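First comes the structure, then the notes that go with it.
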Amino acid sequence: MIMRLSKSAAVLTWSSYTLLLLQQAADAWFQGVPWIVWLVKLLPLLLFLPGMLKDNLRSFIWLCFVCLLYFIVLVQRLFVVQGDALAIVGTVAVVTLFTAAMLYVRWRARELRSAQTPSNSGD
23 MIMRLSKSAA
33 VLTWSSYTLL
43 LLQQAADAWF
53 QGVPWIVWLV
63 KLLPLLLFLP
73 GMLKDNLRSF
83 IWLCFVCLLY
93 FIVLVQRLFV
103 VQGDALAIVG
113 TVAVVTLFTA
123 AMLYVRWRAR
133 ELRSAQTPSN
143 SGD
């Protein structure tokens, strides 16, 4: 059961991570910002990619902290530019990413702990 939950959370995490990356890139593209702004928008997310690919749970945890910064910026933008479709997509992606990643860490850690504990076979 836990394994199935962690797999579902992993799929949702990766999907929302990709969506947030694409949203940030599209936002930078449509605004026509210089390359340094592209770096500021995308680099914090891309820093965690190697750890996520290695299934390092700390990378997922730190990604959640960084997601909070994106959340602040996107919610602020929603109040300034009401009805901005990219900001709405970004906000949904970041909330989904935060929730799915936290659940993934929780369920994956349980899965790894249960795999490490020897089962009592009843000698």
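Residue numbers (the working numbering): 23 to 145.
Beta carbons are placed, not taken as given, at the ideal position from N, Cα and C, and that holds for glycine.
This structure is a prediction, so every number in the text was calculated from the model and none was measured.
Proximal residues to VAL111 (C-beta, below 6 Å), its chain only, five neighbours per side dropped
GLN45
Who are the near neighbours of ARG132 in its chain, counting only those whose CB is closer than 6 Å to its CB and skipping five residues on each side?
ILE24
Once DSSP output is grouped into helix, strand and coil, what is the label at ASP145?
Residue placement at ASP145 is poorly supported in this model, since its pLDDT is 45, which falls under 50; the coordinates are not used for a value here.
Considering only residues of the same chain and omitting the five flanking positions on each side of TRP129, which have a CB-CB separation below 8 Å?
Contacts found: ILE24, LEU27, SER28 and ALA31.
Distance check for LEU134 and SER81, CA to CA, integer angstroms please.
Taking the straight line joining both Cα atoms gives about 16 Å.
Tell me which residues share the same chain as PRO56 and place their Cβ nearer than 6 Å to its Cβ, disregarding the 5 neighbours each side in the sequence.
none
To the nearest angstrom, report how far apart LEU75 and ALA50 are at their CA atoms.
25 Å
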